[in-house]
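Enquirer: I am attaching a structure below and will ask some questions about it afterwards.
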Amino acid sequence: MKRVALTCALGAVLLSGCATSSLLDDTRTTQAQNKRTTLIDDRVMAFGSPAANSGVASSSVVIVGEKQSYVLTEGGTKLVNLLTKLEPKNITVDNALEFYSANNDGKFAGTMKLSYARLQDEFKRSDMQFFIQNGAKECTSESDTRMNAQRFCFDVPLKGAIYPQVGNFDLVCSQFRPLTRPYSVSIYTNTQTTTNSGRTGAEKLALLPFTLAFDVVTLPVQVLGAL
């Protein structure tokens, strides 16, 4: 009788161990990890502003992509102002047009980093006033100093929404002066993956709900064309 009881007890322990092991295995397979997922890589064709009666705020700046349109609702005006008022040959773009979509809901945000350098004796009082007004920070490097140059950095926060390809895309491509070098725009998000499937929670780009294609008109200059 004792032998039977001992056998049953041992069996219960082994079964318990198997159940625990299975539970641990299940836990391992469902552990979530954050993963950066690129929703879209697109080619920048031109920069423009919405045409009249397009339903998009006239103050917006539009990045005309080959696949989609990216409407900058915040920060676009400042970005264009910097790129048109400063001499293009002295501007350095320190990062790509890379934006983050927290919920993959058609909205995105990011920061454009620019720097502007010239010889110290070429700067005027009006230049300094412009830098102050636009939140520039001095970021002169040792290399700049050795060349008697001075550098100022701009961080331009940008927010916007994703729309379909512009309605007059072919006209835009035929009339706008092409960019001097390939320029890209990308949207990414953070998703969770599980160890057993590796599937992400959001892999397909979502547009802003109820958006329609609209036409654009050219800006006074082809922004980024000389960069």
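Residue numbers (mature numbering (1 follows the signal peptide of the UniProt record, and there is no 0)): -24 to -1, 1 to 203. Where is the CB? At the ideal position from N, CA and C, for every residue including glycine.
(1) Which partner residues of Lys83 appear in the DSSP bridge assignment?
(2) Excluding sequence positions up to five away, which residues of its chain have a Cβ less than 6 Å from the Cβ of Ile16?
(3) Could you tell me the distance, in whole angstroms, from the CA atom of Gly41 to the CA atom of Leu48?
(4) Using only the heavy atoms of the ligand ATP, determine whether one of them is closer than 7 Å to the beta carbon of Phe128.
(5) Which whole-angstrom value describes the C-beta separation of Thr87 and Leu134, a residue pair presumed to lie in contact below a C-beta threshold of 8 Å?
(6) Answer with buried or exposed for Ser(-3), where buried requires no fewer than 16 other C-beta atoms within 10 angstroms of its C-beta.
(7) Based on the DSSP secondary-structure assignment, which residues constitute the bridge partners of Gln168?
(8) Along the chain, where does the beta strand (DSSP E) containing Gln44 start, and where does it finish?
(9) Asn66: which of Ala78, Lys43, Tyr76 and Tyr92 sits nearest, CA to CA?
(10) By a C-beta neighbour count over all protein chains shown, 10 Å radius and 16 as the cutoff for buried, is Arg127 buried or exposed?
(11) From Asp146, Pro140 and Val148, pick the residue whose C-alpha is nearest to that of Gln44; which is it?
(12) My understanding is that Asn124 touches Leu95, with C-beta atoms under 8 Å, so please give their C-beta distance in whole angstroms.
(13) Would you call Ser30 buried or exposed, if buried means 16 or more other Cβ atoms sit within 10 Å of its Cβ?
(14) For Leu62, which option in Asp103, Ser119 and Cys149 has the closest C-alpha, if you only look at C-alpha atoms?
(15) In chain order, which continuous runs of the alpha helix (DSSP H) of length 4 or greater are located wholly inside the region 49 to 73?
(16) Counting only runs of 4+ residues fully inside the region 87 to 142, write out the alpha helix (DSSP H) ranges in chain order.
(17) Taking Cβ to Cβ, would you say Val20 is nearer than 8 Å to Val142?
(18) Which residues does DSSP list as the beta-bridge partners of Val38?
Expert: Inspection of the coordinates gives the following:
(1) The residue you call residue 83 lines up with position 107 of the sequence shown. DSSP lists Ala137 as partners of Lys83.
(2) The count along the sequence shown starts at 1 and reaches residue 16 at position 40. Closer than 6 Å at the Cβ level, and outside the excluded window around Ile16, lie Ile163 and Leu181.
(3) For this step, residue 41 is matched to residue 65 along the sequence shown. For this step, residue 48 is matched to residue 72 along the sequence shown. Using only the alpha carbons, I get a separation of about 13 Å.
(4) The model depicted lacks the ligand ATP and carries no ligand whatsoever.
(5) Within the sequence shown, residue 87 is the residue found at index 111, counting from 1. Within the sequence shown, residue 134 is the residue found at index 158, counting from 1. Indeed they touch by this definition, with Cβ atoms about 7 Å apart.
(6) The residue labelled residue -3 in the question sits at position 22 within the sequence shown. Any reading at Ser(-3) needs caution, since the residue's pLDDT is 48, under 50, leaving its predicted position unreliable; the model's value is listed next. Answer is exposed; the Cβ neighbour count stays below 16.
(7) Mapped onto the sequence shown, residue 168 falls at position 192. In DSSP, Gln168 forms a bridge with Asn10.
(8) If you number the sequence shown from 1, residue 44 lands on position 68. Per DSSP, Gln44 belongs to the beta strand (DSSP E) from Gln44 to Glu50.
(9) For this step, residue 66 is matched to residue 90 along the sequence shown. When each option's Cα is compared against that of Asn66, the closest is Tyr92.
(10) Your numbering for residue 127 matches position 151 in the sequence shown. Flag for Arg127 reads buried.
(11) Start at 1 with the first residue of the sequence shown, and residue 44 comes out as number 68. Comparing Cα positions, the closest option is Pro140.
(12) The sequence position of residue 124 within the sequence shown is 148, counting from 1. The sequence position of residue 95 within the sequence shown is 119, counting from 1. With 8 Å as the limit, Asn124 and Leu95 qualify as a contact, their Cβ atoms being about 6 Å apart.
(13) Numbered from its first residue, the sequence shown carries residue 30 at position 54. Looking at its Cβ environment, which holds 16 or more other Cβ atoms inside 10 Å, Ser30 is buried.
(14) The residue you call residue 62 lines up with position 86 of the sequence shown. Comparing Cα positions, the closest option is Asp103.
(15) Within the region 49 to 73, the complete alpha helix (DSSP H) runs of at least 4 residues are 52 to 61.
(16) 101 to 109 and 118 to 122
(17) Position 44 of the sequence shown, counted from the start, is the residue given in the question as residue 20. Position 166 of the sequence shown, counted from the start, is the residue given in the question as residue 142. Going by C-beta atoms, Val20 is not nearer than 8 Å to Val142.
(18) Residue numbering aside, residue 38 sits at position 62 when the sequence shown is read from its first letter. Gly24 and Val47.
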